[in-house]
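Asker:
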């Protein structure tokens, strides 16, 4: 008995099945990578808008030098919002019980927050004319929410000055 060669009909179906399977594999890979591509794009655009806000100072009336950040600020907030909707960034707010605004302690906390990334601190909150409990809003990577919460918990203590500030910083306020 001799075997008969495959007819063209089963070969065509086999080719179509292999092609369809390959297409599904490629599509699944592309869909799985879409989130990371979007996250990288919005993070890049957010950081570019942040850098553009503070790239070149403007000279205003009477030689006053400052920054005009309105347009770039809108771009920054848009891309930050996109990162939040993708689940990449999380908003963390904290109202301090023991640290007031307009104090050396509050300035030291803001300096320490810079380690997490300057573009992640929300400075849009009003700065009161008289000292009141400090309120901070930061935007952190989802993986660092616990770390940021721990940072606030460790920093919101009555003896902050003794624990975190150097002797030189303590003398500067007195």
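In the working numbering, the protein residues as written are 5 to 178. Note that beta-carbon positions come from the ideal geometry of N, C-alpha and C, so glycine has one too. This structure is a prediction, so every number in the text was calculated from the model and none was measured.
(1) Would you be able to state if there are at least three C-beta pairs under 8 Å between the stretch 107–116 and the stretch 72–92?
(2) In terms of residues, what are the limits of the beta strand (DSSP E) holding residue 138?
(3) Applying the criterion that 16 or more other CB atoms from any shown protein chain within 10 Å of the CB defines a buried residue, is residue 84 buried or exposed?
(4) Is there a Cβ of chain C sitting closer than 9 Å to that of residue 135, yes or no?
(5) If you run the structure through DSSP and keep just helix, strand and coil, what is residue 63?
(6) What distance in whole Å lies between the Cβ atoms of residue 142 and residue 168, which are believed to be in contact at a cut-off of 8 Å?
(7) Could you tell me the boundaries of the beta strand (DSSP E) in which residue 93 lies?
(8) Under three-state DSSP, which class holds residue 161?
(9) Is DSSP giving residue 121 helix, strand or coil here?
(10) To the nearest whole angstrom, what separates the beta carbons of residue 164 and residue 103, a pair I think is in contact under 8 Å?
(11) Suppose you measure from the CA of residue 58 to the CA of residue 160; what does that come to, to the nearest Å?
(12) Under 6 Å Cβ to Cβ from residue 175, same chain only, skipping five residues before and after it: list those, please.
(13) How big is the Cα-Cα spacing for residue 28 and residue 54?
(14) Under the criterion of a Cβ to heavy atom distance below 8 Å, does residue 137 qualify as lining the ligand MN?
Answerer: According to the data block:
(1) The stretch 72–92, when compared against the stretch 107–116, does not touch it at the 8 Å Cβ threshold.
(2) Here the beta strand (DSSP E) through residue 138 covers 137–145.
(3) Answer is buried; the Cβ neighbour count reaches 16.
(4) No chain C is present in this structure, which holds just one protein chain.
(5) Judged by DSSP in its simplified three-state form, residue 63 adopts strand.
(6) Taking C-beta atoms under 8 Å as the contact rule, residue 168 and residue 142 fail to qualify, at a distance of about 18 Å.
(7) 93–104 is the span of the beta strand (DSSP E), which, as asked, contains residue 93.
(8) In the structure shown, residue 161 sits in coil (DSSP, three-state: anything other than H, G, I, E or B).
(9) Three-state DSSP puts residue 121 in coil, outside helix and strand.
(10) That belief holds up - the Cβ atoms of residue 164 and residue 103 are roughly 6 Å apart, short of 8 Å.
(11) Roughly 30 Å separates the two Cα atoms.
(12) Interpretation of residue 175 is limited by its pLDDT of 49, a score under 50 that renders its predicted location unreliable; no figure is taken from the coordinates.
(13) Here the C-alpha atom of residue 28 lies approximately 39 Å from the C-alpha atom of residue 54.
(14) The model depicted lacks the ligand MN and carries no ligand whatsoever.
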